[in-house]
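Take a look at the structure set out below.
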Amino acid sequence: MSEYKIVVIEPDDDFRETLELLLNYSFEFEVIGLFKKCSAIKPGRSLNPGIVLAGITEISELAKIQKLFSQTPVVAITTDETDKNIVKLLASGAAHYIFKGSEPAVYLST
């Protein structure tokens, strides 16, 4: 049985599928939901993830995700590596962040 159940929200189809394969390959993780965008998640859907891994292009997306999963830590995936962006993500409630171009091992250790 996996230790962490994960919902992945990522707009890039190829990257989203790669994340699913990578995470499900590990015994620690199980992807229980895979979505292109936050609006694809139906309200009231009972997913109960331990972690939400989300591709964030705008800070406003983070608020929408947190509304759906209020008790779940959100790890933001971002292409913007500036300090200003990282501070915004963390100040807006992201539990952690990963740069999109990171090595696969980073996704498994965060």
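Counting in our numbering, the sequence shown runs from 42 upward without gaps.
Where a beta carbon is used, it is the ideal one built from N, C-alpha and C, also for glycine.
Counterpart residues of E140 in DSSP-defined beta bridges | Here residue 140 refers to the residue found at position 99 of the sequence shown. Inspection of the sequence shows that residue 140 is occupied by Phe rather than by Glu. Beta-bridge pairing links F140 to T119.
From the DSSP output, which residues share a beta bridge with G74?
-> As a first step, residue 74 must be located in the sequence shown, where it is residue number 33. Bridge partners of G74: V48.
Sort S150, V116, A81 by Cα distance to A135 and report the nearest one.
-> The count along the sequence shown starts at 1 and reaches residue 135 at position 94. Per the Cα distances, V116.
Which class does I92 belong to by DSSP, given the choice of helix, strand or coil?
-> Residue mapping note: residue 92 aligns to position 51 of the sequence shown, counting from 1. I92 falls in the strand class under three-state DSSP.
Inter-residue spacing [alpha-carbon to alpha-carbon] between N89 and I73 = Residue numbering aside, residue 89 sits at position 48 when the sequence shown is read from its first letter. Residue numbering aside, residue 73 sits at position 32 when the sequence shown is read from its first letter. Cα to Cα, the separation comes out at about 9 Å.
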